[in-house]
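**Q** Protein sequence lines, in the order shown, are assigned to chains A and B.
Read in order, the letters of the first sequence are residues 1 to 141 in our numbering.
Read in order, the letters of the second sequence are residues 1001 to 1405 in our numbering.
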Amino acid sequence: MTINEKQDELIEDFDLFDEQLDKTQYIIDLGKKLPPIDEAYKTDDNLIRGCQSKVWLHCEIRDNLVHFEADSEPTAQISKGLVSLLIKVLSDEKPEDIAAAQLYFIEKIGMSNIITSRRAGGLASMIARMKEFAQSQIVPN
Amino acid sequence: MLDIQKIRQDFPILGEVVNGKPLVYFDNAATTQKPLPVLNALARYYEHYNANIHRGIHSLAEKATSAFEASRFKIQSFMNAARVEEIIFTYGTTDGINLVAQSYGRKFLKEGDEIIISTMEHHSNIVPWQMLCEEKGCVLRVIPINDAGELLMDEFEGMLSEKTKLVSVVHVSNALGTINPVAEIIEKAHAVGAKVLIDGAQASSHITIDVQALDCDFYVFSLHKLYGPTGMGVLYGKKEVLDAMPPYRGGGEMIKEVTFAKTTYNDLPYKFEAGTPNIADVVAAHNALEYVETLGKEQIAAYEHELLVYGTEALSSIEGLRLVGTAKEKVSVISFVMEGIHPEDIGVILDQQGIAVRTGHHCTQPLMQRLGIVGTSRASFAVYNTKEEIDKLVVGLERVKKMLS
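Encoded structure:
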């Protein structure tokens, strides 16, 4: 599935819910399914700046694709859910596709009120970090 | 008895629908909503007599000036200041503290002098003093608290000495709701010759303020936490102290005469009010105070106490919820944490149910460090809140628990 196909699928999933609270519940549940990351990756270097709660992002190349793993401190469940959405959409894709990706799903799933102004900064820096890593892995032709 | 339903009609914003739910506004410690008399006063000012004050000789300027100065008299009587020129208009509590730090502090404090604050200060009553200490080589000392969130007064007494030049403490804690024994603090500080500033940001809407009875040297507060407009605050200072202080900002209004060789400064209160002030908001502040006085400050306090007692009991019944700040003397602020749940998640899920609370460190990071937590969720009540709304909060929090368990 391409990045956009994955985004469209998420948008469809969220369309099933009328209530904001149900969408939030869905995000929380997705967060719970996020595989835990290796404790060794929870380093200061992997911490995302600008988040209210602690979020770690680990990036690596696996079979020529960019693989992301992330986690948040255990109590910050909504953050974890949002992080899991980004992982779902961007992980295991080609570096050039990630670097060029337009992320439209966040607005379309109607969760802009969950991404408070305080949280937006953290989310933006997480996306920036993911794209930066992808950019650095593009092999010039 | 206050007619709360009637009072609610005075606050149009309470009719708002947020995320499809009727608004429950429990973030009053951050800012209160504004009643119609305040909103109307703002509109009336701009519609009918907006003009720059003091220097104009035309009718509008006269009218604006007299409304502006009438607010000063109103505030004088509101806090029982001895003289009207002891009331300085500022942009808010933070601005008032900075004025004292930069004017009084820079002139009168020197290396080795000590400034005492407390563990429960808002950053606005920490950072201006740290900046001063850095510049002048003064020492900042901090009164510790107990686990309930009360000042350890014995420790405070032990800190006082001839080195103590200034004590700056909060009247009511924004994060915990604790009412501090400021009269005792002032008396003890004065006994060693120190000046005292009281940060009344949270107190002014809940407690009757009498600066002469307190005998404080400075008292600061903001009108926006007192049903008034944002961007407008008050610094009260004793006349002899303010007279001895140099101006802090230069500009128009604060001068007597300007030549390139020398400028002489205006008298109190104008020497501290450089530039065009926040005229409209000062004017409307009058209506905010009038509104509070019409309801009756004691009645408001009694009703808010009722909400505090009701809310404390209701929230305590939620399993896994722990109250933070359990001082004997409290205003209607309830801070709490929930086991295994991040405060921000509580805030988001309550917001989706139309309930506005504050989450985070409440600009009191050192206090949170002392309490060993990252932050709290805080519900703070005002006169227009109801027990039914508190019931909704309880239901909302049960939902939070269910969603995150």
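Just so you know, even glycine gets a beta-carbon here, dropped at the ideal spot from N, CA and C.
For A:D44 and B:D1243, I'd like the C-alpha separation in whole angstroms.
**A** Position 44 of the first sequence, counted from the start, is the residue given in the question as residue 44 of chain A. Position 243 of the second sequence, counted from the start, is the residue given in the question as residue 1243 of chain B. Roughly 52 angstroms separates the two Cα atoms.
**Q** What in chain A is Cβ-close to B:D1345, meaning under 7 angstroms?
**A** Position 345 of the second sequence, counted from the start, is the residue given in the question as residue 1345 of chain B. Neighbours of B:D1345 on chain A, chain order: A76, Q77 and I78.
**Q** Which residues, in order along the stretch 20–37 of chain A, keep a beta-carbon less than 8 angstroms from a beta-carbon of chain B?
**A** So the list reads Q20, L21, T24, Q25 and I28, given in the order they occur along the chain.
**Q** For a contact defined as C-beta to C-beta under 7 angstroms, what are the partners of A:S84 on chain B?
**A** On the first sequence, position 84 is the one that residue 84 of chain A refers to. Within 7 angstroms Cβ-Cβ: nothing; A:S84 doesn't reach chain B, min ~15 angstroms.
**Q** Using only the heavy atoms of the ligand NAD, determine whether one of them is closer than 8 angstroms to the beta carbon of A:V55.
**A** For the ligand NAD, the structure offers nothing, since it holds no ligand at all.
**Q** Identify every residue that forms a DSSP beta bridge with A:A70.
**A** Reading the first sequence from its first residue, position 70 is the one you call residue 70 of chain A. Per DSSP, A:L57.
**Q** Would a C-beta distance cut-off of 9 angstroms place B:K1225 and B:A1030 closer than the cut-off?
**A** Working through the second sequence from its first residue, we reach residue 1225 of chain B at position 225. Working through the second sequence from its first residue, we reach residue 1030 of chain B at position 30. It is a contact, given that the beta carbons lie within the stated cut-off.
**Q** Within its chain, find whatever has a CB closer than 7 angstroms to the CB of A:L90; leave out the 5 residues flanking it on each side and keep chain order.
**A** Numbered from its first residue, the first sequence carries residue 90 of chain A at position 90. These residues qualify, in order along the chain: I3, F68, I98, A101 and M130.
**Q** Could you spell out the range, first to last residue, of the beta strand (DSSP E) harbouring B:L1166?
**A** For the purposes of this step, residue 1166 of chain B is identified with residue 166 of the second sequence, where counting begins at 1. First-last of the beta strand (DSSP E) with B:L1166: T1164 to V1170.
**Q** Could you pull the start and end residues of the alpha helix (DSSP H) that A:F14 belongs to?
**A** Against the first sequence, residue 14 of chain A aligns to sequence position 14. Residues I3 to D15.
**Q** Please check if any C-beta of chain B sits within less than 9 angstroms of the C-beta of A:S125.
**A** For the purposes of this step, residue 125 of chain A is identified with residue 125 of the first sequence, where counting begins at 1. No - not a single Cβ of chain B is within 9 angstroms of the one on A:S125.
**Q** Does the count of Cβ pairs from the stretch 1178–1188 of chain B and the stretch 1084–1091 of chain B closer than 8 angstroms reach three?
**A** No: fewer than three Cβ pairs fall under 8 angstroms.
**Q** Using the C-alpha atoms, what's the distance from A:C59 back to A:P229?
**A** The requested residue 229 of chain A does not occur in the structure, where chain A is confined to residues 1 to 141.
**Q** Put A:E93 into one of helix, strand or coil per three-state DSSP.
**A** Numbered from its first residue, the first sequence carries residue 93 of chain A at position 93. DSSP places A:E93 in strand when its eight states are reduced to three.
**Q** Do you know how far the Cα of B:H1206 is from the Cα of B:P1247?
**A** Residue mapping note: residue 1247 of chain B aligns to position 247 of the second sequence, counting from 1. Residue mapping note: residue 1206 of chain B aligns to position 206 of the second sequence, counting from 1. About 32 angstroms.
**Q** Using the beta-carbon of each residue, which ones in chain A are nearer than 8 angstroms to B:L1404?
**A** The count along the second sequence starts at 1 and reaches residue 1404 of chain B at position 404. In chain order: I28 and Q77.
**Q** Applying a beta-carbon distance threshold of less than 8 angstroms, which residues of chain A neighbour B:G1340?
**A** Locating residue 1340 of chain B in the second sequence gives position 340, where the first residue counts as 1. By Cβ distance, chain A contributes P74 and T75.
**Q** Does B:Q1352 come within less than 9 angstroms of chain A when only Cβ atoms are used?
**A** Taking the second sequence and counting its residues from 1, the one referred to as residue 1352 of chain B is at position 352. Yes, contact with chain A.
**Q** Which residue or residues does DSSP assign as beta-bridge partners of A:A147?
**A** Because residue 147 of chain A is not part of the residues shown, which for chain A are 1 to 141, the question remains open.
**Q** If we define contact as Cβ-Cβ less than 9 angstroms, is A:H136 a contact residue for chain B?
**A** As a position in the first sequence, residue 136 of chain A is number 136, starting the count at 1. At residue 136 of chain A the sequence reads Ser, which differs from the His that was named. Not an interface residue.
**Q** When the cut-off is 9 angstroms and only beta carbons count, does B:R1399 lie next to chain A?
**A** For the purposes of this step, residue 1399 of chain B is taken as the residue at position 399 of the second sequence. Yes, because at least one Cβ of chain A sits closer than 9 angstroms to the Cβ of B:R1399.
**Q** Ignore the nearest five residues each way along the sequence and tell me which others in B:F1406's own chain have a CB closer than 7 angstroms to its CB.
**A** No information on residue 1406 of chain B is available, as it lies outside the stretch 1001 to 1405 that chain B covers here.
**Q** Taking the Cβ atom as the reference point for each residue, do B:M997 and B:A1175 lie within a distance shorter than 9 angstroms?
**A** Chain B is shown from 1001 up to 1405; residue 997 of chain B falls before or after that span and cannot be answered.
**Q** Taking all protein chains shown into account, do 16 or more other C-beta atoms lie within 10 angstroms of the C-beta of B:M1001, making it buried, or fewer, making it exposed?
**A** For the purposes of this step, residue 1001 of chain B is taken as the residue at position 1 of the second sequence. So B:M1001 counts as exposed.
**Q** Contact criterion: CB-CB distance below 9 angstroms. Does A:S53 meet it with respect to chain B?
**A** Within the first sequence, residue 53 of chain A is the residue found at index 53, counting from 1. True, the Cβ-Cβ gap to chain B drops below 9 angstroms.
**Q** Just to confirm, is the Cβ distance from B:V1169 to B:N1125 under 9 angstroms?
**A** Taking the first residue of the second sequence as position 1, residue 1169 of chain B is located at position 169. Taking the first residue of the second sequence as position 1, residue 1125 of chain B is located at position 125. Their beta carbons are under 9 angstroms apart, which means B:V1169 touches B:N1125 by this criterion.
**Q** Given a cut-off of 9 angstroms on the beta-carbon distance, is the pair B:M1338 and B:K1402 in contact?
**A** As a first step, residue 1338 of chain B is located in the second sequence; it is residue number 338 there, counting from the start. As a first step, residue 1402 of chain B is located in the second sequence; it is residue number 402 there, counting from the start. No, Cβ-Cβ distance for B:M1338 and B:K1402 is not below 9 angstroms.
**Q** Which residue's Cα is closest to the Cα of A:E96: A:A134, A:L82, A:G122 and A:G121?
**A** On the first sequence, position 96 is the one that residue 96 of chain A refers to. Measuring from the Cα of A:E96, the nearest candidate turns out to be A:A134.
**Q** Rounded to whole angstroms, what's the CA-CA distance from B:A1274 to B:E1398? Just pull it up for me.
**A** Walking along the second sequence from the start, residue 1274 of chain B turns up at place 274. Walking along the second sequence from the start, residue 1398 of chain B turns up at place 398. Each residue's Cα considered, the two are about 52 angstroms apart.
**Q** Taking 8 angstroms as the cut-off, does the stretch 1042–1052 of chain B touch the stretch 1380–1388 of chain B (at least 3 CB pairs, one atom from each stretch)?
**A** Flag = no, the stretch 1380–1388 of chain B and the stretch 1042–1052 of chain B do not touch.
**Q** Consult DSSP for B:P1022 and reduce its assignment to one of helix, strand or coil.
**A** Walking along the second sequence from the start, residue 1022 of chain B turns up at place 22. B:P1022 falls in the strand class under three-state DSSP.
**Q** Report the partner residues of B:M1338 according to the DSSP bridge assignment.
**A** Mapped onto the second sequence, residue 1338 of chain B falls at position 338. DSSP output for B:M1338 lists B:L1321 and B:I1341 as bridge partner(s).
**Q** Pick out whichever of B:L1393, B:P1343 and B:V1241 has its Cα sitting closest to the Cα of B:I1373.
**A** For this step, residue 1373 of chain B is matched to residue 373 along the second sequence. If we check each option's Cα against that of B:I1373, B:P1343 comes out closest.
**Q** Return the CA-CA distance between B:S1066 and B:A1261, expressed in angstroms with no decimal places.
**A** Residue 1066 of chain B sits at position 66 when you count from the first residue of the second sequence. Residue 1261 of chain B sits at position 261 when you count from the first residue of the second sequence. Those two C-alpha atoms are separated by around 33 angstroms.
**Q** With a 10 Å radius around its C-beta and 16 neighbouring C-beta atoms as the bar for buried, classify B:T1119 as buried or exposed.
**A** Within the second sequence, numbered from 1, the residue matching residue 1119 of chain B stands at position 119. It is buried - the Cβ of B:T1119 has at least 16 other Cβ atoms within 10 Å.
**Q** Tell me, which residues are paired with B:F1218 by DSSP?
**A** Position 218 of the second sequence, counting from 1, holds the residue named residue 1218 of chain B. Partner(s): B:L1197 and B:G1237.
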